[in-house]
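Asker:
Residue numbers (the numbering used here): 6 to 491.
#1: Sort out for me which residues DSSP pairs residue 211 with in a bridge.
#2: Would you mind sorting residue 47 into buried or exposed? The rule is 16 or more other CB atoms within 10 Å of its CB.
#3: On the premise that residue 381 lies in contact with residue 136, defined as a C-beta separation below 8 Å, what is that separation, rounded to the nearest angstrom?
#4: What span of residues does the alpha helix (DSSP H) with residue 151 cover, start to end?
#5: Less than 8 Å between the beta carbons of residue 220 and residue 350, yes or no?
#6: Output the distance between the C-alpha atoms of residue 87 and residue 34, rounded to the nearest integer angstrom.
#7: Less than 8 Å between the beta carbons of residue 435 and residue 419, yes or no?
#8: Where in the segment 10 to 61 do unbroken runs of the beta strand (DSSP E), each at least 3 residues long, occur, reported from the N-terminal end onward?
#9: Quick one: give me the first and last residue of the alpha helix (DSSP H) that residue 169 is part of.
#10: Should residue 218 go down as buried or exposed, given a rule of 16 or more other Cβ atoms within 10 Å for buried?
#11: Closest by CA to residue 474, which one among 407, 83, 362?
#12: DSSP has residue 229 in a bridge; who is on the other side?
#13: Cα separation between residue 494 and residue 372?
#14: Rounded to a whole number of angstroms, what is the C-alpha to C-alpha distance between residue 211 and residue 118?
#15: Quick check on the burial criterion: 16 or more other C-beta atoms within 10 angstroms. Buried or exposed for residue 159?
#16: Should the segment 237 to 250 be regarded as contacting the segment 275 to 285, the criterion being three or more beta carbon pairs within less than 8 Å?
#17: Using 8 Å as the threshold, is the segment 325 to 343 in touch with the segment 250 to 261, meaning 3 or more CB pairs across them?
#18: Helix, strand or coil for residue 379? Go by DSSP, reduced to three states.
#19: Leaving out the 5 sequence neighbours to the left and right, which residues in its chain are closer than 8 Å to residue 164 when beta-carbon positions are compared?
#20: For the segment 223 to 236 against the segment 107 to 123, are there 3 or more C-beta pairs whose distance is under 8 Å?
#21: Tell me residue 331's beta-bridge partners as DSSP assigns them.
#22: Determine the burial state of residue 99: buried for a count of at least 16 other Cβ atoms within 10 Å of its Cβ, exposed for fewer.
#23: Have a look at residue 298 and residue 140 and give me their C-alpha separation to the nearest angstrom.
#24: Does the beta carbon of residue 311 sit closer than 8 Å to a beta carbon anywhere in chain D?
#25: What span of residues does the beta strand (DSSP E) with residue 419 cover, start to end?
#26: Pop quiz: residue 78 and residue 344 are said to be a contact at Cβ under 8 Å. What is the actual Cβ separation, rounded to whole angstroms?
#27: For residue 386, which three-state DSSP category applies?
#28: Using the DSSP secondary-structure output, state which residues sit across from residue 336 in a beta bridge.
#29: Using the Cβ count rule (16 or more neighbours within 10 Å means buried), how would you classify residue 392?
#30: Just to check my reading of the structure: residue 81 and residue 69 have Cβ atoms closer than 8 Å, yes? What is that Cβ distance to the nearest angstrom?
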């Protein structure tokens, strides 16, 4: 066999006359799609991944409505890094539900410690430690079953979504019984913890904290989302919120037990709607932008260039020479959307609660400069049918169609959108187009390809504001103290 090598990714710069940067693209999204509200920020994705959304069909017609929702939920239930460009890989990051759960447990202690005994507080802490161990072990069992079932089922000609076959296999060779027992233990421990908490006698104004924790831990806040497309399940036509909530709790190789999130756009709108088509014309008259620096009090443009290509050294030299004489750039899309997130299990008003304001240093892990809840997502920003064109003052010398077409295997990246590189296209990413016509080079997604390009984020300023006030009233009170409005 021949060894396949991948060319390194190399940045492409434009001629000095063009002041195009990541900020320029940020401006287009911010003005045309993001529709930012008060205290919101736009965070760009360094890698604008595709989102697999189904046509409006039943599972028996090869549709996958609930798997589509799962794809949206996994991108929404994310703890946010406090930076203007998210360069993290999705897998392995903490979920928003996880860090919110940590926050709600911490703020609840301020309520219960006022009326519960030290022994009760210790018992709650012990129960919560046991719960975390159970979740960890259950996740390990589910991950093991998932990997092994993916191999076993196809090798026996079994649909990966065949529940009856999976139960039979897992009872003998997997961990389904272990997962079910751990989930029973989890339910019992949660009940025991809540029983102790109910002994507390909180002030009426503090009852909202207890209510928020119980709501967050309640089974009504979660659904068992299908891990595979609906049509892989023999009973996929039966999927609906009631059906998925009545499934046994706990993540398995077939369903992911997650906190649910709702969206203000239908799948049909995201898949086929024509609203908010992006249009951006960038040329020598385009002024240099510093929007990211202004909005975020820090720059991302210095770290990430807008264009790059997977190419050998000699190929990159030729590509770079071509792009030095580019005079105009236009970007467009078939549609773009701000998809509002409805997160029923999260009470964001608690981020400004008096216990947070009175004890800001205790909540730095959540709301400090690197805090896991300093920003939280309020909307997904997606585009469909993204396209970029470059107009050159010279003829293009490099063979872009050969290198960056599907069969070419090369990868070209513009503003986080990566075209090609694998030559393999699936339901969610159709074949892209590369066209050279005279002095114009156009690279674009298929009109059906949907990209997740960023978040609208809400910032919580309570902790930083309280610490600033404390500093100005303390030992630094005689000094000139400047606080950023950000």
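Even glycine gets a Cβ: it sits at the ideal position worked out from N, Cα and C.
Answerer: This is what the structure gives:
#1: According to DSSP, residue 211 bridges with nothing at all.
#2: The residue in question, residue 47, is buried, as its Cβ has 16 or more Cβ neighbours within 10 Å.
#3: The Cβ separation is near 23 Å, so there is no contact.
#4: 123 to 160
#5: Less than 8 Å separates the beta-carbon of residue 220 from that of residue 350.
#6: 19 Å
#7: no
#8: 14 to 16, 45 to 50
#9: For residue 169, the enclosing alpha helix (DSSP H) begins and ends at 168 to 178.
#10: It is buried - the Cβ of residue 218 has at least 16 other Cβ atoms within 10 Å.
#11: Ranking the options by Cα distance to residue 474, first place goes to 362.
#12: 262
#13: The question about residue 494 has no answer, for the chain in this structure spans 6 to 491.
#14: Their backbone Cα atoms lie some 12 Å apart in a straight line.
#15: So residue 159 counts as exposed.
#16: no
#17: no
#18: coil
#19: The residues 158, 170, 237, 238, 239, in chain order, have a CB closer than 8 Å to that of residue 164 in the same chain once the five nearest residues on each side in sequence are set aside.
#20: no
#21: Partner(s): 397.
#22: exposed
#23: 40 Å
#24: Of the protein chains in the structure, only one exists, and it is not chain D.
#25: 416 to 419
#26: With 8 Å as the limit, residue 78 and residue 344 do not qualify as a contact, their Cβ atoms being about 12 Å apart.
#27: strand
#28: Within the DSSP secondary-structure output, residue 336 pairs in a beta bridge with 285, 393.
#29: buried
#30: Rounded to the nearest angstrom, the Cβ distance from residue 81 to residue 69 is 18 Å, too far for a contact under 8 Å.
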